[in-house]
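A short write-up of the structure that comes next.
In the working numbering, the protein residues as written are 13 to 142.
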């Protein structure tokens with residue numbers, strides 16, 4: 013990735029000490045567990061729009077209020093995490109017992125946590141009028 017600095021306005025004496033912005037360092041905490049997804053459709057309640065790029069870290073434990081990707085019915089879905097979600101995922105071993113099948117459990121327990129959305133990357137202008 014090429015590094016470059018941009019300035020706006022008038023140069024200052026501190027210009028020599030300009031910070032180099034590396035998007036890899038900024039948005040990826042753990043390279044081995046970071047995934048990029050493109051959103052399909054709008055989810056305004058979570059601040060996510062169609063074609064946004066979601067940066068997802070699988071190494072993070074979800075906390076209440078996080079936006080996460082969950083697997084439900086073999087599809088990836090977005091969800092805002094609640095305290096009851098965390099309790100059901102953390103206590104994974106109590107989801108299914110030898111006498112209880114997963115399909116008998118409440119619908120919200122039939123989700124599997126994939127990862128926490130850490131960044132949303134969005135294109136500002138989609139098309140320009142000439």
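Note that the Cβ used here is the ideal one computed from N, Cα and C, for glycine as well.
Am I right that residue 67 and residue 39 are in contact with their C-beta atoms under 8 Å? What's the rounded C-beta distance? Indexing the chain shown from 1 puts residue 67 at position 55. Indexing the chain shown from 1 puts residue 39 at position 27. Confirmed, Cβ separation roughly 5 Å.
What are the start and end residues of the beta strand (DSSP E) that includes residue 133? As a working note, residue 133 is residue 121 in the chain shown. Its beta strand (DSSP E) spans residues 124-133.
Identify, in the order they occur along the chain, each residue of the same chain with its Cβ nearer than 6 Å to the Cβ of residue 136, setting aside the five sequence neighbours on each side. For the purposes of this step, residue 136 is taken as residue 124 along the chain shown, with counting starting at 1. None.
Is the Cβ-Cβ distance between residue 92 and residue 77 less than 9 Å? As a first step, residue 92 must be located in the chain shown, where it is residue number 80. As a first step, residue 77 must be located in the chain shown, where it is residue number 65. Yes.
Between which two residues does the beta strand (DSSP E) holding residue 66 run? The count along the chain shown starts at 1 and reaches residue 66 at position 54. 65-69 is the span of the beta strand (DSSP E), which, as asked, contains residue 66.
Spatially closest choice to residue 96 from 51, 74, 85 and 88, by CA coordinates: The residue you call residue 96 lines up with position 84 of the chain shown. That would be 74, whose Cα lies nearest to the Cα of residue 96.
Please report the residue range of the alpha helix (DSSP H) in which residue 38 lies. Locating residue 38 in the chain shown gives position 26, where the first residue counts as 1. Its alpha helix (DSSP H) spans residues 35-39.
Could you tell me the alpha carbon to alpha carbon distance between residue 46 and residue 70, rounded to whole angstroms? Residue 46 sits at position 34 when you count from the first residue of the chain shown. Residue 70 sits at position 58 when you count from the first residue of the chain shown. Approximately 6 Å between the Cα atoms of the pair.
Go ahead and pull the three-state DSSP assignment for residue 83. Sequence index remark: in the chain shown, residue 83 carries index 71 (1-based). In the structure shown, residue 83 sits in a strand (DSSP, three-state: E or B).
Identify whether residue 90 lies in helix, strand or coil by the three-state DSSP scheme. One-based indexing of the chain shown puts residue 90 at position 78. Reduced to three states, the DSSP call for residue 90 is strand.
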